[in-house]
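> Residue numbers (my numbering): 3 to 343. Below is one structure. I have some questions about it.
If you want it as structure tokens, here you go:
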């Protein structure tokens with residue numbers, strides 16, 4: 003009896019070990035290579051991904067980086083693919099750094115292979131478009147083939163479909179970290195753009211949201227693949243006096259401000275709001291609204307575009323100056339000047 007209990011405990015231990023043995027990738031670090039990042043600028047970044055599981059895993063580093071609205075991708079965004087010319091033969095690939103648990107580092111050149119994955123479910127518009135293509139007559143189907151094709155499109159709409167493409171991989175042993183540095187991308191093209199999402203006289207926080215392997219290409223644990231990092235961004239409202247530059251017009255004194263972002267901010271006791279769109283306007287008549295303590299000035303996007311296109315104003319402004327609640331507002335190509343009068 004005692005012997006059977008011991009054997010049972012050993013079996014339970016072994017089975018539990020087998021159950022938890024798996025590859026498990028997590029993002030451990032992400033940061034831009036700039037101490038004082040500014041809105042409307044692009045920067046290189048560093049990304050660390052570690053295998054915290056019990057098995058080796060081959061990965062192309064499929065990571066989606068969202069610094070504003072999250073976009074829906076139809077295929078994995080393999081960062082290792084950026085380390086070579088996408089139009090080349092794949093023979094010239096930049097190396098990445100592999101860091102072991104003891105901190106030692108080696109350079110490894112990714113190797114080419116085929117990535118298999120399941121796409122996400124199709125939207126209703128995508129389903130209808132594919133059905134229309136199937137029914138268009140561009141390809142001849144028998145009735146049986148057409149019915150099968152349409153059924154396959156309908157199924158893909160619910161489940162996605164199997165797809166593949168060639169890309170580059172590195173293998174991570176348990177405990178190893180791969181470091182991706184975007185300045186090593188082909189022609190240094192891979193960077194993150196800091197969107198101007200907040201009107202602020204002070205430094206402000208922008209959240210970078212990263213999703214690792216959302217298509218489960220590496221067959222690894224999906225429970226810890228989200229990662230967030232706060233980026234401290236320089237003010238999007240500049241106060242004078244300030245000489246003109248590529249980012250702002252000349253600001254003569256401390257009553258002059260130049261803003262490069264939408265949103266609301268309290269400036270000299272007045273709430274100034276910049277709204278890039280009027281939700282009540284039709285698409286063909288969208289407006290820009292700038293308000294001072296609730297008093298609005300409405301500018302037509304089409305009029306601003308025409309002023310930019312024909313260069314109606316020699317100093318780069320897109321509309322005549324307007325005084326609203328004691329604040330003179332001038333719209334320029336690169337932003338908005340506010341002067342307290």
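Cβ atoms here follow ideal geometry from the backbone N, Cα and C, with glycine treated the same way.
1. Measure the alpha-carbon distance for residue 261 versus residue 198 and round it to whole angstroms.
2. Please state if the CB of residue 85 and the CB of residue 171 are separated by a distance shorter than 9 Å.
3. I need the straight-line Cα distance from residue 338 to residue 70, nearest angstrom please.
4. Pick helix, strand or coil for residue 6, following the three-state DSSP scheme.
5. What would DSSP say about residue 109, mapped onto helix, strand or coil?
6. So who's on the other strand from residue 172, going by DSSP bridges?
7. Can you check DSSP and say which residues form a bridge with residue 118?
8. Alpha carbon to alpha carbon, how far is residue 203 from residue 28? Give it in angstroms, no decimals.
9. Considering only DSSP beta bridges, list what residue 98 is partnered with.
10. Among residues of its own chain, excluding the 5 on either side of residue 76, which ones have a beta-carbon nearer than 8 Å to its beta-carbon?
11. Thinking C-alpha only, which one of 201, 289, 48 is nearest residue 35?
12. Measure the alpha-carbon distance for residue 267 versus residue 216 and round it to whole angstroms.
13. Do the region 123 to 132 and the region 216 to 233 meet, that is, are 3 or more Cβ pairs less than 8 Å apart?
14. Unbroken alpha helix (DSSP H) runs of length 4 or more, entirely within the region 185 to 265: which are they?
15. Just the C-alpha distance for residue 153 and residue 147, rounded to the nearest angstrom, thanks.
16. With distances taken Cα to Cα, identify the nearest neighbour of residue 95 among 312, 82, 256, 276.
17. Measure the C-alpha to C-alpha separation of residue 157 and residue 151 and round it to an integer number of angstroms.
18. With distances taken Cα to Cα, identify the nearest neighbour of residue 177 among 51, 311, 332, 306.
19. Could you work out which residue in 175, 190, 118 is closest to residue 163 when comparing CA atoms only?
The answer reads as follows:
1. Here residue 261 corresponds to residue number 259 of the chain shown, with the count starting at 1. Here residue 198 corresponds to residue number 196 of the chain shown, with the count starting at 1. C-alpha separation (whole angstroms): 10 Å.
2. To locate residue 171, count along the chain shown from 1; it is residue 169. To locate residue 85, count along the chain shown from 1; it is residue 83. No. Outside cutoff.
3. Here residue 338 corresponds to residue number 336 of the chain shown, with the count starting at 1. Here residue 70 corresponds to residue number 68 of the chain shown, with the count starting at 1. So the alpha carbons of these two residues sit roughly 22 Å apart.
4. Your numbering for residue 6 matches position 4 in the chain shown. Note that residue 6 scores 48 on pLDDT, short of 50, meaning its location in the model is unreliable and no value can be drawn from it.
5. On the chain shown, position 107 is the one that residue 109 refers to. If DSSP states are grouped into helix, strand and coil, residue 109 belongs with the strands.
6. Walking along the chain shown from the start, residue 172 turns up at place 170. Note: residue 172 sits in a beta bridge opposite 61.
7. On the chain shown, position 116 is the one that residue 118 refers to. Partner(s): 166.
8. Numbered from 1 along the chain shown, position 26 holds the residue referred to as residue 28. Numbered from 1 along the chain shown, position 201 holds the residue referred to as residue 203. Rounded to the nearest angstrom, the two C-alpha atoms are 36 Å apart.
9. Here residue 98 refers to the residue found at position 96 of the chain shown. 110.
10. Reading the chain shown from its first residue, position 74 is the one you call residue 76. Cβ within range, chain order: 121, 122.
11. The sequence position of residue 35 within the chain shown is 33, counting from 1. Selected option, being the one with the closest Cα: 48.
12. Residue numbering aside, residue 267 sits at position 265 when the chain shown is read from its first letter. Residue numbering aside, residue 216 sits at position 214 when the chain shown is read from its first letter. Looking at the two C-alpha atoms, the distance is approximately 37 Å.
13. no
14. none
15. Within the chain shown, residue 153 is the residue found at index 151, counting from 1. Within the chain shown, residue 147 is the residue found at index 145, counting from 1. So the alpha carbons of these two residues sit roughly 10 Å apart.
16. Taking the chain shown and counting its residues from 1, the one referred to as residue 95 is at position 93. Closest by alpha carbon: 82.
17. By one-based count along the chain shown, residue 157 stands at place 155. By one-based count along the chain shown, residue 151 stands at place 149. Each residue's alpha carbon lies about 10 Å from the other.
18. Numbered from 1 along the chain shown, position 175 holds the residue referred to as residue 177. With distances taken between Cα atoms, residue 177 lies closest to 51.
19. Taking the chain shown and counting its residues from 1, the one referred to as residue 163 is at position 161. The option with the nearest alpha carbon to residue 163 is 118.
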